[in-house]
Amino acid sequence: MGYQGRDVEVVALNDAQYLVAACDSCGAIGEKELDAVKVPWRVTGRMTARVALLEVLAVGAVPQMLSIAIANEPLPAGEEIMKGVREELKAMNLLSLPAAVSTEKNMPTEQTGLGITVIGLCDQDKLRIGRARPGNSLFCLGLPKVGTEAADPEDPDILQGIHLIQLLNIPGVYDIIPVGSQGIRGEAEALAQAVGARFGEDSQCRLDINKSAGPSTCLIFTAAEDIELGDFGKLPIHKIGRLEEDGGGGLLTENED
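Numbering (UniProt numbering), first residue to last: 1 to 257.
What follows is the structure in C-alpha cells.
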C-alpha cells in the first residue's frame, strides 16, 4: 500500500490488522579497509537495527521478526554486527524476536554492507499515519547527527527506542516520524503535504533542520498545542514549528515508486 513521505510499507493482513515493514541499509560504515566511516561493526549493527525498529514502532506497530542481510563474511564481521543487533534488541526489550540472517560466504569483501528489515503487526485503529491536522505543533526529539557524530549508540543527545516508546504513551501526540537523510525540514514538509497542510518553521528554533540525521538520531512529531510532554532526561526537545492551513490541499496518498 505504502504512504507518501513515510519509510514504511503497510498492507492489510485481514479486517483488523495491518502488516508493517521497514528496512534500512548501511554501506561503507564499519571496520573494512575501504569503509568511508570507521566504527566498530557492533555500532554498525546496532544503529542499523535501531533505524528499522524505530520506523515500525513509530506507526504504532509491534515488531514480530527481522531479516538481516550481511554482505560480509560470518567471522569476524558478521559475528560483530550481530552483537550490535542483539544489543539494540535487548535495549528495546525485544531480544526474543526471531531473525533470519544471511552472510556472504563465497566472495571476499573490502567494504561493510548491511541491510535490516523489520516486520510488525498493527491493529488498524492504532495505525499512526495521517493523524496530524493543521494547527498542530511540530517538535523534534533528539539532535540530528551523521557519520562519526553518530558513532556512540548511548549518546544522550540522540534518540533511542525507549524514548519513542515513552512518546507513544503520551496523549495528544499524533504522527511520529524518525528523521533520516532528508533532515528535519524534509520530513516536516512531507508530513505537512500528506495531511493537507504546510510546514511553518518556528523562527526561534536554532536547530539545523536541513542536516541529515544519519541513523535516525532524532524524530519529529505532531502534537496538540497544549501538550505536556513530561521528562525525557537529557534528550533535547525543540519546537520546530507548526502545521498551517494550506489552500492548495493535499491528502495522504500511496507511493507511486
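Built from N, CA and C at the ideal position, the CB exists for glycine as well. Keep in mind it's a predicted model, so treat the numbers as computed, not measured.
Do the CB positions of residue i and residue j come within less than 8 Å of each other?
| i | j | result |
| --- | --- | --- |
| residue 127 | residue 60 | yes |
| residue 46 | residue 88 | yes |
| residue 216 | residue 51 | yes |
| residue 179 | residue 156 | no |
| residue 71 | residue 113 | yes |
| residue 188 | residue 220 | yes |
| residue 175 | residue 159 | no |
| residue 148 | residue 32 | no |
| residue 121 | residue 19 | yes |
Is it buried or exposed for residue i, if we count other Cβ within 10 angstroms and need 16 for buried?
| i | result |
| --- | --- |
| residue 249 | Only weak support is given to the placement of residue 249: the predicted model assigns it a pLDDT of 47, under 50, and the value that follows is read from those uncertain coordinates. Burial call: exposed. |
| residue 269 | Lying before the first or after the last residue shown, residue 269 is absent from the chain, which here runs from 1 to 257. |
| residue 123 | exposed |
| residue 242 | buried |
| residue 214 | buried |
| residue 5 | Only weak support exists for where residue 5 lies, its pLDDT of 49 falling under 50; the coordinates are left without a value. |
| residue 136 | buried |
| residue 119 | buried |
| residue 284 | With the chain represented from 1 up to 257, any question about residue 284 goes unanswered, as that position is not in the structure. |
| residue 94 | buried |
| residue 2 | Because residue 2 carries a pLDDT of 46, less than 50, the predicted location of this residue cannot be relied on, and no value is offered for it. |
What does residue i pair with, by DSSP beta-bridge criteria?
| i | result |
| --- | --- |
| residue 18 | 12 and 122 |
| residue 141 | 219 and 237 |
Nearest to residue i by alpha carbon, out of the options?
| i | options | result |
| --- | --- | --- |
| residue 140 | 208, 8 and 130 | 208 |
| residue 107 | 9, 158 and 74 | 74 |
| residue 117 | 77, 56 and 35 | 56 |
| residue 44 | 78, 228 and 19 | 78 |
| residue 85 | 234, 182 and 41 | 41 |
- Pair every Cβ in the stretch 85-103 with every Cβ in the stretch 64-72, then say whether three or more of these pairs are closer than 8 Å. Verdict: yes, contact present.
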